[in-house]
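**Q** Using my numbering, the final residue of the sequence shown is 111, and nothing's skipped along the way.
If you scroll down you'll find the structure; I have some questions about it.
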Amino acid sequence: MAITMINPEELQAHTFFQSHCWSKLKAIVFCAVMWHGKDAETAELLSVASLDFAKDDEILLEIKADYDFIREKLIAQGFESLTGKDGKWIQARTKGHGHGSISRAFYARTGLVKKIFEIAS
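Rendered as structure tokens:
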């Protein structure tokens, strides 16, 4: 799930709790929806959750560690070094399908979305 585009200058300049990534994460409302068939006109809202954690919660510290790793990699190796392989909960990868794309965005891994719904229930 896309969180926000990465601006290399902003990523270098801001720590996690000052970042656009954090401001987006803490404001996101996650909605689990079941679509009834391909091209369905109706859907069922199953659950709603948010990233409602204290700044010292373990999962939030792990997300911060992912951000810090990606930030340090950018500083040391450059923007092109950022790949979807980095990060346990969030990743910095090409936006869209890749194939020569040079833009990057922060994405929540599926495990993070699942964990947020588990904690919320």
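Ideal Cβ placement from N, Cα and C applies to all residues, glycine included.
Using only CA atoms, which one of K85, E108, R61, L102 lies nearest to E(-1)?
**A** R61
**Q** Pick from V23, Y97, Q8: whose alpha carbon is nearest that of E31?
**A** V23
**Q** State the Cα-Cα distance for the pair G107 and L41, rounded to the nearest angstrom.
**A** Rather than Gly, the amino acid found at residue 107 in this sequence is Phe. F107 and L41: Cα-Cα distance of roughly 9 Å.
**Q** Find the nearest neighbour of L35 within the set W25, A44, D29, F43, judged by alpha-carbon distance.
**A** W25
**Q** Tell me F7's beta-bridge partners as DSSP assigns them.
**A** Paired residues: none, contrary to the question.
**Q** Ignore the nearest five residues each way along the sequence and tell me which others in L50's own chain have a CB closer than 6 Å to its CB.
**A** F43
**Q** Mind checking who S40 pairs with in its DSSP beta bridge?
**A** According to DSSP, residue pairing for S40 in a beta bridge involves V19.
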